[in-house]
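*Asks:* Provided herewith is a single structure, encoded as structure tokens, for subsequent inquiry.
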Amino acid sequence: MWLSSFFLVLVCAAKDELDKHLELGKQFLAKGQFADALTHYHAAIELDPKNYQTLYRRATVYLAMGKSKAAIPDLDKVVELKGDFTSARIQRGNVLLKQGEIDAAENDFNAVLSVENSNTEVENKLDLIVDLRQYLHQAKTLFERKDWHSAEHYLNKALEHLVWDPSLYRLRAQCYEARGEIRKAIADMRTLTKLVADSTEDFLRISHLYYGIGDVEESLSYIRECLKLNPDHKECFSFYKKVKKLAKMRESLIDAKGNGNWLDCIEKGQQILKYESLTEIQMSAFRHMCKCNTELGHLAEAIEQCSEVLKNSDPSDVDVLCDRADAYLLDEQYDEAIEDFQTAHQLQEDNRRAREGLEKAQKMKKQAGKRDYYKILGLRRNASKRDITKAYRKLAQKWHPDNFSDEKEKKKAEQKFIDIAAAKEVLSDDEKRAQFDQGIDPLDPEAHQGGGSHFHQGFVALFLFLALPHLKNGNRKSPFITC
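Counting with our numbering, you get residues 791 to 1273 for the letters of the sequence shown.
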């Protein structure tokens, strides 16, 4: 007697425990706290593994969490325990349909109709299945004919409903790749890796696709994912070594550019060009080398490299357009610089570099008909202070008026002297040089109010008169020449 009483107490306690878990699971599910709800449904199923309602609720939580694969075994068990539970069959049919299991989904929907012959939702699903079979047939037929665009059209229609079918993403990725839309192909392949258990080959493919468009860093990231799944995969490891070496070269190139080591930047870029002949990899190197060559004054090379990137890779690359415009400016090709800055500004209206570059190029074009202090000293716009001083001394001695006996030539030499001194004054002063580089002549009378500029020209003439003997004799210790 006492044993039966004890057993009854245990049963009641278990039922209370079960009811508690079911209630808490229900509350957490209503609040959207799916992980907590799942914990309580796990506990409830351990206490009563054949309770089809609890299994159905846990399947509902799995689906709410996006874990459709985990939901299927619970729904299978529900249908096994209670075949006429149509809600479970509809749920399972919906999941199977999204996974591309059309035949299995159709069986579930037909089973529901045999019980509920006026279920409009299920009838609509069966009509949809007819359309989907047609879409898939058309897509595969067109794919075999290599009609990529048309095949893609039908795959898009199918994937609106078969959203968890990995085979369709793989097929559409192949269409995108064949049409040269590599970024779209990569997006589909990345989705695919989340839908299949073993994505080793897919990660390898993604890495190759990224490498093919010159994105070495992403290529390295995905080949590592391949090796995480299978460290002994020979093809993955071989490609990993290749990509890793190139990534290191690119890192050195970018560091050199970022630190202003322009010559080192060119050397690192040349190493990449020798290592990999693939166009996109070379264009990626040119993107950086263009800027470095501009800074070194190798303007022809800079313009050529930027042009190659814009022609063969991305004609809308705003940074490269601005880099080429800078090179054009230094090379005094003002119209070409203006055109590039305008294009960059149209592509990105809020791009400060493009806007300010355009204003500068327009001012410099306007200034081109006036005195050009760089031209006077025979220098490029990226000349150092040392270059300026050296050129100034050389030209000052060359155009010393005492070197000319003819009065007309002497007068010409005196004017040259004034221009040379003015050039030295502007270009040796950081603030004045910055103004001039922005298209403003700090010594231009039109740029100042009042008569300060006329006084300045008189002062320059006086300065030259006092400095001439020293310049003629090559005296570098003149009290009037301090640099």
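Beta carbons: idealized from backbone N, C-alpha and C, even for Gly.
1) One question on the structure: do residue 1151 and residue 1119 come within less than 8 angstroms of each other, judged by their Cβ atoms?
2) According to DSSP, simplified to helix, strand and coil, what is residue 1251?
3) Rounded to whole angstroms, how far is the Cβ of residue 1026 from the Cβ of residue 1052, which I believe are closer than 8 angstroms?
4) Just to confirm the assignment, what range does the alpha helix (DSSP H) spanning residue 885 have?
5) Going by DSSP, what residue range makes up the alpha helix (DSSP H) through residue 946?
6) Closer than 6 angstroms by C-beta to residue 818: which residues in its own chain qualify, once you throw out the five before and the five after it? Chain order, please.
7) Rounded to a whole number of angstroms, what is the C-alpha to C-alpha distance between residue 924 and residue 1099?
8) Nearest by alpha-carbon distance to residue 1010: which of 997, 1017 and 1004 is it?
9) If you compare alpha carbons, which of 944, 919 and 1219 is closest to residue 930?
10) Given this structure, state the Cα-to-Cα distance separating residue 968 from residue 940, to the nearest angstrom.
11) Applying the 10 Å Cβ sphere with the 16-neighbour rule, what's the burial state of residue 822?
12) For residue 877, count neighbouring C-beta atoms within 10 Å of its own C-beta (all shown protein chains included) and say buried if the count is 16 or more, exposed if not.
13) Residue range of the alpha helix (DSSP H) that residue 1173 falls in?
14) Cutting at 6 angstroms between CB atoms, please list the residues of its own chain near residue 883, excluding the five before and the five after it.
15) Relative to the alpha-carbon of residue 839, which residue among 824, 850, 859 and 864 has its alpha-carbon at the smallest distance?
16) With burial defined as no fewer than 16 other Cβ atoms inside 10 Å of the residue's Cβ, what is the status of residue 936: buried or exposed?
17) Which same chain residues, not among the five before or five after residue 1203, have their C-beta less than 6 angstroms away from its C-beta?
18) With a CB to CB cut of under 6 angstroms and the five nearest residues on each side skipped, what residues in its chain are close to residue 1200?
19) By a C-beta neighbour count over all protein chains shown, 10 Å radius and 16 as the cutoff for buried, is residue 1085 buried or exposed?
20) Compare the C-alpha of residue 809 against each of 831, 824 and 820 and name the closest.
21) According to the Cβ coordinates, are residue 888 and residue 953 closer than 8 angstroms?
22) Quick one, are the C-beta atoms of residue 1033 and residue 1003 less than 8 angstroms apart?
23) Using the beta-carbon count (16 or more within 10 Å), is residue 1095 buried or exposed?
24) Can you tell which of 1046, 963, 913 and 824 has the C-alpha that lies nearest to the C-alpha of residue 850?
25) Given a cut-off of 8 angstroms on the beta-carbon distance, is the pair residue 1163 and residue 1216 in contact?
*Replies:* From the atom records:
1) yes
2) Low local confidence applies: a pLDDT of 48 at residue 1251 is under 50, so the model's placement there is unreliable, and no value is given.
3) Not quite, the Cβ-Cβ distance comes to about 37 angstroms (not below 8 angstroms), so this is no contact.
4) 876 to 888
5) 938 to 949
6) 826 and 827
7) 44 angstroms
8) 997
9) 944
10) 13 angstroms
11) exposed
12) exposed
13) Element bounds for residue 1173: n/a, residue is neither H nor E.
14) 895, 898 and 899
15) 864
16) exposed
17) 1189, 1191 and 1194
18) 1191 and 1194
19) buried
20) 831
21) yes
22) no
23) buried
24) 824
25) yes
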